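Colleague: Here the protein sequences come in this chain order: A and B.
The numbering of the first sequence is the working numbering, which starts it at 1 and goes up by one.
The numbering of the second sequence is the working numbering, which starts it at 11 and goes up by one.
Have a look at this one before I ask anything.
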Amino acid sequence: DQNNDLHDEL
Amino acid sequence: MNVFRLLGDLSHLIAVIILLQKIWHTRSCAGISGKSQVLFALVYTARYLDLVSTYVSLYNTFMKVIFLISSYATIYFIYMKFRATYDRNHDTFRIEFLILPSVLLALLINHQFSFLEVLWTFSIYLESVAILPQLFMVSKTGEAESITSHYLFALGSYRGLYIFNWIYRYWSEQHYDIIAIVAGVVQTVLYCDFFYLYVTKVLKGKKLQLPA
């Protein structure tokens with residue numbers, strides 16, 4: 001899925 | 011989490027440790043661009059505000075705190091504790107020309123027009139160019155201490171490894187974030203000239219000389 005609401009990367 | 015992202019984060023952590031160790035051990039920040047460090051502090055502050063609102067993992071929280079503390083500690087060293095050794099005359103890049111376009115671009119191109127998301131996007135755009143004052147300073151002074159070039163190599167490798175992380179995540183979980191990817195590629199490309207010199211010179215024990 002494009003993007004992600006939760007940015008789980010630093 | 012995957013091995014590329016883990017190696018990338020470790021590379022970033024190593025870069026931060028090398029920098030703090032160099033400044034603390036030599037009690038000097040000669041050759042270090044305070045402007046780039048100010049930009050990094052801006053980047054991590056804008057990006058890690060979600061520390062108060064979202065919990066991803068202990069690792070995520072721990073690393074965010076480390077990067078925030080280290081970026082402000084570096085600024086403290088450069089502009090206060092060891093300010094006599096700060097080479098102001100060679101650190102002349104106009105960072106407003108990096109900040110303002112990043113703000114505008116973040117307002118125009120983002121995933122969602124919300125406060126935290128626009129700040130996150132701003133931090134992604136700014137990080138991609140945050141190293142420019144440092145590279146500019148190295149080109150102006152014409153050289154860099156080997157410890158500074160190790161710092162730059164580790165810092166450049168961090169987002170370079172993230173590119174492999176994004177490829178892996180697209181392939182394995184159909185996840186991708188085009189904003190982070192484009193900015194990450196730009197960021198890594200900016201280091202290419204330095205990477206070439208690092209591999210061909212520094213690793214052979216020579217001093218890093220950038221064509222002024």
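Using N, Cα and C, we set each Cβ at its ideal position, and we do this for glycine too.
Nothing here was measured: the structure is a model prediction, and the numbers come from that model.
Report the start-end ranges of each alpha helix (DSSP H) in the segment 129-194 of chain B that is 4 residues or longer and not cut off at the edges.
Modeller: Entirely contained in the segment 129-194 of chain B, the alpha helix (DSSP H) runs reaching 4 residues are, in chain order, 142-151 and 156-183.
Colleague: Could you give the C-beta distance for F174(B) and F14(B), rounded to a whole number, given that I count them as a contact under 8 Å?
Modeller: For the purposes of this step, residue 174(B) is taken as residue 164 along the second sequence, with counting starting at 1. For the purposes of this step, residue 14(B) is taken as residue 4 along the second sequence, with counting starting at 1. About 4 Å separates the two Cβ atoms, so the contact holds.
Colleague: Would you call H7(A) buried or exposed, if buried means 16 or more other Cβ atoms sit within 10 Å of its Cβ?
Modeller: As a first step, residue 7(A) is located in the first sequence; it is residue number 7 there, counting from the start. It is buried - the Cβ of H7(A) has at least 16 other Cβ atoms within 10 Å.
Colleague: As an exercise, report each continuous alpha helix (DSSP H) stretch of at least 4 residues that is fully enclosed by the segment 22-92 of chain B, in chain order.
Modeller: 44-57 and 68-86, all fully within the segment 22-92 of chain B.
Colleague: Confirm, please, whether the CB-CB distance from F103(B) to F50(B) is below 8 Å.
Modeller: Sequence index remark: in the second sequence, residue 50(B) carries index 40 (1-based). Sequence index remark: in the second sequence, residue 103(B) carries index 93 (1-based). No.
Colleague: Between the segment 70-90 of chain B and chain A, which residues of the former have CB atoms less than 9 Å from a CB of the latter, in chain order?
Modeller: Listed by position, the residues of the segment 70-90 of chain B near chain A (Cβ gap below 9 Å) are N70, M73, K74 and F77.
Colleague: Once DSSP output is grouped into helix, strand and coil, what is the label at V197(B)?
Modeller: By 1-based counting over the second sequence, the position of residue 197(B) is 187. Per the sequence presented here, residue 197(B) reads as Gln, with Val not at that position. Residue state, collapsed to three classes: helix.
Colleague: Using a Cβ cut-off of 9 Å, which residues of the segment 14-27 of chain B contact any Cβ in chain A, in chain order?
Modeller: For the segment 14-27 of chain B, which is checked against every Cβ of chain A, the residues closer than 9 Å are R15, G18, D19 and H22.
Colleague: In this structure, does DSSP put Y208(B) in helix, strand or coil?
Modeller: Taking the first residue of the second sequence as position 1, residue 208(B) is located at position 198. Of the three classes helix, strand and coil, the one that applies to Y208(B) here is helix, per DSSP.
Colleague: If the cut is a Cβ gap below 8 Å, which residues of chain A does W181(B) touch?
Modeller: Here the question's residue 181(B) lines up with position 171 in the second sequence. Within 8 Å Cβ-Cβ: nothing; W181(B) doesn't reach chain A, min ~14 Å.
Colleague: With a cut-off of 8 Å, does the C-beta of T64(B) fall near any C-beta of chain A?
Modeller: Numbered from 1 along the second sequence, position 54 holds the residue referred to as residue 64(B). True, the Cβ-Cβ gap to chain A drops below 8 Å.
Colleague: Our contact map puts S133(B) next to V53(B) with C-beta atoms below 8 Å; I'd like the distance itself, whole angstroms only.
Modeller: Residue 133(B) sits at position 123 when you count from the first residue of the second sequence. Residue 53(B) sits at position 43 when you count from the first residue of the second sequence. Contact flag correct, Cβ pair sits at about 5 Å.
Colleague: With a cut-off of 8 Å, does the C-beta of W34(B) fall near any C-beta of chain E?
Modeller: Among the protein chains of the structure shown, namely A and B, there is no chain E.
Colleague: In three-state DSSP terms, what is L6(A)?
Modeller: Locating residue 6(A) in the first sequence gives position 6, where the first residue counts as 1. Coil at L6(A), not helix or strand.
Colleague: Assign C202(B) to one of two classes, buried (16 or more other C-beta atoms within 10 Å of its C-beta) or exposed (fewer than that).
Modeller: The residue labelled residue 202(B) in the question sits at position 192 within the second sequence. When all chains shown are included, C202(B) counts as exposed.
Colleague: Pull up the distance between the alpha-carbon of F77(B) and that of L142(B), whole angstroms please.
Modeller: Taking the first residue of the second sequence as 1, we reach residue 77(B) at position 67. Taking the first residue of the second sequence as 1, we reach residue 142(B) at position 132. Their backbone Cα atoms lie some 19 Å apart in a straight line.
Colleague: Nearest CA to the CA of D60(B): which residue from Y86(B), K91(B), Y180(B) and F125(B)?
Modeller: Here residue 60(B) corresponds to residue number 50 of the second sequence, with the count starting at 1. Of Y86(B), K91(B), Y180(B) and F125(B), the residue nearest in Cα terms is F125(B).
Colleague: Along the chain, where does the alpha helix (DSSP H) that runs through A116(B) open and close?
Modeller: As a position in the second sequence, residue 116(B) is number 106, starting the count at 1. Taken as a continuous stretch (DSSP letters only), the alpha helix (DSSP H) holding A116(B) covers E106 to L118.
Colleague: Consult DSSP for L220(B) and reduce its assignment to one of helix, strand or coil.
Modeller: Against the second sequence, residue 220(B) aligns to sequence position 210. The answer is coil: DSSP assigns L220(B) none of H, G, I, E or B.
Colleague: In its own chain, which residues sit with a C-beta less than 6 Å from the C-beta of G170(B), not counting the 5 before and 5 after it?
Modeller: Start at 1 with the first residue of the second sequence, and residue 170(B) comes out as number 160. Hits under 6 Å: T198.
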